[in-house]
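J.: Take the sequence shown: its position 323, counting from 1, is numbered 322 in numbering that gives the first Met the number 0, and each next residue is one higher.
By construction, the Cβ of each residue, glycine as well, lies at the ideal position given by its N, Cα and C atoms.
A quick note: this is a predicted structure, and the numbers were derived from the prediction, not measured.
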Amino acid sequence: MHIFMSGDTYLPLVGGAEVHVFELQKRLRALGHAVTLLVTDPRIAEEDKMFPVLRAAWSLKRVPQLFVTVWRASRTAEVFHVHNCYRLGVVVGFVARLRRKPCVVTLHGLGLLDIPDNSWFYTRVHHLYRTLSLLFATEIISTSEDLAEVCRRYSSRPLVVIPNGLDTLAFHPTKVAETQEARFADAEPMILTVRRLVPKNGIHYLISALPFILKQFPHAKLVMIGDGRMRENLEARAKHLGVYDACLFLGALPNAQVPPLAKRADVVVFPSTAESTSIACAEMMAMGKKIVASRVGGLIELLGKNEERGWLMKLVPWESCDYAAPDELPLDRYEALAARVCEALRDQDPARCERAQHYACEQLDWHVVVAKTLAVYERLRTSL
């Protein structure tokens with residue numbers, strides 16, 4: 000089967016959606032399918048050497064040229080697969096409609112969720128992208144039930160929930176050696192985050208909770224994997240609160256370097272205001288780690304409404320995904336976050352972690368996700 004796939008964002012930007020697109024196209028190719036991938040990120044990634052990518056910069060002036068590129072590259076495509084109901088989805092969806100081929104749209108959040116503090120004009124344009132890309136969809140895949148509920152406000156197209164996938168072998172604790180780096184030796188305990196440093200991931204909230212954690216665990220260290228536009232702000236916040244010496248900013252790391260650090264961690268925290276099926280959270284579940292997360296979006300689905308597979312806390316007033324991440328929260332929210340982290344650190348019952356590991360391996364492994372995605376392709380291809 001020839002699949003024409005597109006994404007508004009892609010590697011070298013490292014995030015859940017970008018990793019999902021890379022892994023999905025890689026595994027589809029491994030099964031013998033042809034994949035043409037077009038992204039609107041002109042930066043070259045190391046992974047491009049393994050799998051060819053059509054790259055183009057986005058601008059309204061370039062839309063006609065993008066249309067021609069999509070038209071020419073999709074001559075033999077049997078299925079179109081758009082990631083995010085955003086700008087590129089309009090162009091690719093329109094070509095799919097002209098070619099009378101099925102178009103699948105996968106929701107990762109971008110395009111579906113409103114962007115806070117946008118101007119009136121860009122908000123209207125954003126809504127237009129969302130409306131048109133969903134209109135051109137034959138079927139929609141949501142990576143979480145929460146995003147599916149949001150999507151149903153805007154589209155009545157058939158919709159199925161297929162979560163983001165992960166490589167459970169790469170993140171299986173028996174196959175990972177714990178890091179022995181000296182800089183982590185005095186971290187007792189080690190608190191880990193694996194997030195891009197952007198507002199919706201809420202790392203600033205965890206830093207504000209750190210003083211309360213240190214009162215109970217004076218030798219705790221907060222280790223942050225990931226980079227982003229908030230890094231300087233986060234470093235300044237840590238210095239202002241007097242906890243900078245308890246923080247380690249590691250920056251963005253290749254995925255292969257994450258498991259040894261995760262194995263060393265005592266707890267992993269996801270203090271987000273918006274999440275679909277967080278790949279990083281799923282990876283930590285596969286590692287059998289203690290996980291503390293905010294009660295929002297796909298994190299609830301991953302850890303269970305009744306906290307069967309981790310610890311949830313109400314960090315923000317909403318439970319549906321929202322990119323609006325305030326700079327500050329009431330003091331009691333930081334105290335509550337710290338209390339949940341400390342509770343998880345003290346918990347000696349392995350049941351939650353065991354259930355999380357089983358869930359990740361049985362429900363979220365890539366072989367399950369690819370099989371479900373291919374089933375959508377085959378059904379649509381034979382029905383049109």
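Give every residue of the same chain whose Cβ lies closer than 6 Å to the Cβ of Arg-385, excluding the five residues on either side of it in the sequence, and list them in chain order.
T.: Nothing about residue 385 can be read from this structure; the chain reaches only from 0 to 383.
J.: Excluding the 5 residues flanking Phe-93 on each side, which residues of the same chain have their C-beta closer than 7 Å to its C-beta?
T.: In the same chain as Phe-93, and ignoring 5 residues on each side of it, the C-beta atoms closer than 7 Å to its own belong to Phe-135, in chain order.
J.: By a C-beta neighbour count over all protein chains shown, 10 Å radius and 16 as the cutoff for buried, is Gly-14 buried or exposed?
T.: buried
J.: Under 8 Å, do Val-149 and Cys-280 count as touching if we go by C-beta distance?
T.: no
J.: So, under 8 Å CB-CB, Thr-167 and Ala-285 are touching, yes? Tell me the CB distance rounded to an integer number of Å.
T.: Rounded to whole angstroms, the Cβ separation of Thr-167 and Ala-285 is 5 Å, and the two are in contact under 8 Å.
J.: What residues match up with Cys-102 in a beta bridge as DSSP calls it?
T.: According to DSSP, Cys-102 bridges with Phe-79.
J.: Helix, strand or coil for Ser-207, going by three-state DSSP, please let me know.
T.: helix
J.: Do Leu-87 and Asp-7 count as a contact pair if the criterion is CB distance below 8 Å?
T.: A contact, by the Cβ cut-off of 8 Å.
J.: Do Leu-379 and Val-103 have their C-beta atoms closer together than 8 Å?
T.: yes
J.: Which term fits Thr-381, buried or exposed, when burial requires 16 or more other beta carbons within 10 angstroms of its beta carbon?
T.: exposed
J.: If you draw a straight line from the C-alpha of Leu-209 to the C-alpha of Val-257, how long is it?
T.: 22 Å
J.: Flag this pair as yes or no: are the beta carbons of Lys-289 and Cys-352 separated by less than 8 Å?
T.: yes
J.: Could you spell out where the alpha helix (DSSP H) holding Ser-132 opens and where it closes?
T.: Start and end: 119-134.
J.: From Leu-111, Asn-117 and Ser-143, pick the residue whose C-alpha is nearest to that of Thr-130; which is it?
T.: Leu-111
J.: Which residue from Ser-207, Pro-188 and His-107 puts its Cα closest to that of Ala-337?
T.: Ser-207
J.: For Leu-196, which residues from the same chain have a beta carbon less than 8 Å from its beta carbon, with the 5 sequence-adjacent residues on both sides left out?
T.: Ile-202, Met-223, Gly-225, Asp-226, Gly-227, Arg-228, Met-229, Arg-230 and Leu-233
J.: Leu-314 and Pro-270 - do their beta-carbons sit closer together than 8 Å?
T.: Yes. Within cutoff.
J.: Can you find at least 3 beta carbon pairs, one from the segment 330-345 and one from the segment 212-220, that sit closer than 8 Å?
T.: yes
J.: So, are the CB atoms of His-19 and Ile-278 less than 8 Å apart?
T.: yes
J.: Looking only at its chain, what residues have a beta carbon closer than 7 Å to the beta carbon of Trp-70, apart from the 5 residues adjacent to it on each side?
T.: Listed in chain order, the non-local C-beta contacts of Trp-70 below 7 Å within the same chain comprise Val-94, local neighbours out to five positions each way being set aside.
J.: For His-239, does the three-state DSSP call read helix, strand or coil?
T.: helix
J.: Kindly confirm or deny that the segment 292-300 and the segment 137-147 touch, where touching means at least three C-beta pairs closer than 8 Å.
T.: yes
J.: In whole angstroms, what separates the C-alpha of Asp-185 from that of Gly-241?
T.: 18 Å
J.: Please tell me whether His-80 and Thr-39 are closer than 8 Å, where the distance is taken between their beta carbons.
T.: no
J.: With distances taken from CA atoms, which of Tyr-322, Gly-31, Val-367 and Tyr-9 is nearest Asp-47?
T.: Tyr-9
J.: For a quick check, are the C-beta atoms of Ala-55 and Thr-75 less than 8 Å apart?
T.: no
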